[in-house]
Every structure is written in structure tokens, then in C-alpha cells.
Amino acid sequence: MSESLERPDVVLPLSLSARARAAEALRAGAARGDLEATLGEVRHDWTLAEARALHDLPFFELVDRARAVHRQHHVEGEVQLCTLLSVKTGGCPEDCAYCPQSSHHETSIEPEKMLDVGEVLGAAKRAREAGATRFCMGAAWREVKEGPAFDKVVKMVEGVKELGLEACCTLGMLTPAQAKRLKDAGLDAYNHNLDTSRDAYGSIISTRTYDDRLRTLAAVREAGITVCSGGIIGMGESIDDRCMMLVELARMDPQPESVPINALVRVAGTPLESLPPVEAVEFVRMIATARLMMPRSMVRLSAGRSDMSRETQLLCLYAGANSIFYGDRLLTTPNPDVSDDRGLLDDAGVRPMSPRP
Ligand code: SF4
Numbered sequence: 000m001s002e003s004l005e006r007p008d009v010v011l012p013l014s015l016s017a018r019a020r021a022a023e024a025l026r027a028g029a030a031r032g033d034l035e036a037t038l039g040e041v042r043h044d045w046t047l048a049e050a051r052a053l054h055d056l057p058f059f060e061l062v063d064r065a066r067a068v069h070r071q072h073h074v075e076g077e078v079q080l081c082t083l084l085s086v087k088t089g090g091c092p093e094d095c096a097y098c099p100q101s102s103h104h105e106t107s108i109e110p111e112k113m114l115d116v117g118e119v120l121g122a123a124k125r126a127r128e129a130g131a132t133r134f135c136m137g138a139a140w141r142e143v144k145e146g147p148a149f150d151k152v153v154k155m156v157e158g159v160k161e162l163g164l165e166a167c168c169t170l171g172m173l174t175p176a177q178a179k180r181l182k183d184a185g186l187d188a189y190n191h192n193l194d195t196s197r198d199a200y201g202s203i204i205s206t207r208t209y210d211d212r213l214r215t216l217a218a219v220r221e222a223g224i225t226v227c228s229g230g231i232i233g234m235g236e237s238i239d240d241r242c243m244m245l246v247e248l249a250r251m252d253p254q255p256e257s258v259p260i261n262a263l264v265r266v267a268g269t270p271l272e273s274l275p276p277v278e279a280v281e282f283v284r285m286i287a288t289a290r291l292m293m294p295r296s297m298v299r300l301s302a303g304r305s306d307m308s309r310e311t312q313l314l315c316l317y318a319g320a321n322s323i324f325y326g327d328r329l330l331t332t333p334n335p336d337v338s339d340d341r342g343l344l345d346d347a348g349v350r351p352m353s354p355r356p
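Be aware that the sequence shown starts at 0, since it is given in numbering that gives the first Met the number 0, and climbs by one per residue.
Written out as C-alpha cells, the structure reads:
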């Protein structure tokens, strides 16, 4: 890590625990009218020290602050429902250590041929009827290549838009010209996750660089498509790595409109299959910290929900998550049943959000 954990101008008593020290750092900042006073503002100059000061707050204090910022910027009681469909499954040449679709790992996922436009639009229609407002199409590609497959994706995007849904794609790396073509087809959002911090990235993926990812996000932004970018926790990274990933995202100007926070789904055959599960409190901390650092973004409670209790998911919604993946599969990994999710949203007193114009 290149940044110091503590602000050099804040001297803290050594006897305090790490969490109390973080709270104290926040209050010390408040006394000078900086971090505390700026909570709720969209800022692009976040530091690791500030992110940790928030992340490490006593749990209730963190959740209270995140809740307050959430209510400042978002309509109370609304959640965006996104359905994610794999339009080209498996056989990916990238070596992402968490991914069962990578051809580098021996998993139960077999490469499949790309879905037809009609199949995808049928699934989009069913997703709309079930209440989804955003439909995301994923392809296990390293990058988009010009040709029939990309032409099909363009038709899928046009069809999804005709159904009145927000359209999102996740297709790997993208050039500025390809981003423009997707924009012209009506694409609303492009997902390309940072996955983790720059420092931890090399232990997760070797076939493309962090800067490759940032270049794709720049091409998406330049084309006028909104950015969906977040990451995964539970891949063996440190708390600093988690916070640094949020710093990278929050420093973007504009910040990503959508920030998916995923818990690792430990799939047999991937190099990360034996890692311990993410603790519920740690996951809620990430959601709340993302909400505080990116006040206007949609923070999406993403992969890993199948392994979470209803109570954890409710806490995430309370702490600032306002988007979920909806539908019984997430690309190739399981997701809660639609009926269970309906019950969850009813219990939380939240209703599905209308599609954005
Ligand atoms: S995460 Fe995406 S790019 Fe990485 S291996 Fe899986 S499908 Fe390929």
C-alpha cells in the first residue's frame, strides 16, 4: 500500500483499539471541519485513511451514517431490480481466479454457444414480467471482437430497449468505437468491475492489467454510457485492499453510477474454492462504506446473496444498498428465488424502482 493508514496530522492515543481509533480519527477530522462535515458530498479526493476511518467505525455508527447519507440522496424505500443473463457462457481465456467460466480452471461449467437474439429477448421479457427494470447481458469474453457475435449483442441491446428495460452489458474489454456502437444501440450501462485493489489485483488476474480495466471504463464513459463497476470481497484481500478499491472507484469523476459489491462465491475447481466465507458484518461494512463514499451511486448487493441470511441482506438494504440482482441465476452461480426476494423486499418495506428514462 502506498498510502498511510493514518492521517499524519491526527495524533491518536495508542491505547485505543483500531475501531475506536478510526472513530477518533473521524471526530478529529470533524473538529477541523473536514471529513465529518463533507459526509454526504460527492468527492473525488478520497484517501485510504479516510476510507478506513469510515469502514472501521463502530458498526452501529457506520450504519447510522450510511443510512443518513442514503436518505439524503435516494428515494426512501426503493430498490432497483436487475436481472443478469449469460448470453455466452464458459471458455473464457482470462484467468480470473474467482470465475468458473475461465478456461484456466477445471470447473463444471462447459463452454456453450452464444444464445440467439430471440432467446435473450424472451428472457428479458420474462424478467420484466417478474418485476426487473434493468436487464444485463454477460458474455465470457476477454474483449469484444468485431463480427457476427458483436452484431448479435447490438441487436440484443436494441431489443431490450424496445421492451422498456434499462440495458446493460458486460462483455470484457471494449474499444472507444465499440462503446460508441453500443451507445448508439441504446445501451444504458456497461459493467466492468475493478474486482479488488490495484495491489491485490495481480494475485487474482494475470491476463489483463488494472490499467486495461480503467481504459475500458474510460471508453464507456467517453461514449456517454453509464458506468457499473465494483468488486468482490472474500478473495483473500486485506481490509486496506477493500477500502482502496472503494477509493479507486470514488475518485473517478464522475463516480460510477452503479457499484456492485459481491461476496466471493466459492466455486469448486477455481483457485479460491477453499477460502473462508465472508463474515456478514464485514459485508455490511463494505456496503455502508461504499454508500458513504459514493453517495449518489446505486450500490448493488450482488453475488453471494445465496449464502447470506435474510437478516444480513436486510441490514445491507438498511445500510445503503438500493439495487439487487434478481432472478434465480447470476451468470453461472446461484441467486435467491424470485419469490424469496419478493418476501425479502416486502419485509424491508421497499418497492421495485421504475426504469430510469
Ligand atoms: S470474470 Fe469474466 S473475464 Fe474473468 S474469466 Fe470470468 S468471464 Fe472471463
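Think of the CB as a built atom: it goes at the ideal place given N, C-alpha and C, for glycine as much as any other residue.
- The beta-bridge partner set that DSSP reports for M113 is empty.
- Looking at the DSSP output, I108 sits in no beta bridge, so it has no partner there.
- Under the DSSP assignment, G235 falls outside any beta strand (DSSP E); it carries neither an H nor an E label.
- A residue is listed when its beta-carbon falls short of 6 Å from at least one non-hydrogen atom of ligand 1; in chain order these are C91, E93, C95, C98, Q100, S101, A139 and G171.
- The secondary-structure analysis by DSSP pairs D345 with nothing; it has no beta-bridge partner.
- Residue range Y209 to E221 is occupied by the alpha helix (DSSP H) that includes R214.
- In the assembly as shown, F134 is a buried residue. Its beta-carbon has 16 or more other beta-carbons within 10 Å.
- Shown here for D240: same chain residues with a beta carbon closer than 7 Å to its own, the five before and five after excluded, namely T195, S196, D198 and A199 in chain order.
- Straight-line measurement puts the Cα of L84 at about 11 Å from the Cα of G121.
- For T82, the enclosing beta strand (DSSP E) begins and ends at E77 to K87.
- If you compare the alpha carbons of A123, T88 and R125 with that of E111, the shortest gap goes to T88.
- In this structure, the CA atom of Q71 is about 12 Å from the CA atom of S296.
- Between L61 and C242, the C-beta spacing is not below 8 Å.
- Runs of beta strand (DSSP E) with 3 or more residues, each lying fully within the segment 151-201, are found at 165-169 and 188-190, listed in chain order.
- Cβ contact annotation for G130 (same chain, cutoff 6 Å, sequence separation greater than five): L80 and P351, in chain order.
- Using a C-beta cut-off of 8 Å, the segment 256-263 makes contact with the segment 215-235, since at least three inter-stretch Cβ pairs fall below that distance.
- Check the Cα spacing between H43 and each of M293, S101 and R125: the tightest is with M293.
- Under the Cβ criterion (8 Å, minimum of three pairs), the segment 149-166 does not count as touching the segment 214-223.
- In this structure, P270 is the residue among L170, P270 and N321 with its C-alpha nearest to the C-alpha of C98.
- For A48, no beta strand (DSSP E) segment is defined; the enclosing uninterrupted segment is the alpha helix (DSSP H) at L47 to H54.
- DSSP, read as helix, strand or coil, puts M292 in helix.
- Bridge partners of T225 according to DSSP: A188.
- Short of 8 Å from the beta carbon of E221, and not among the five residues preceding or following it, lie these beta carbons of its own chain, in chain order: P175 and A178.
- In this structure, M113 sits away from R141, with a CB-CB distance that is not shorter than 8 Å.
- The alpha-carbon of G319 is positioned some 29 Å away from that of K182.
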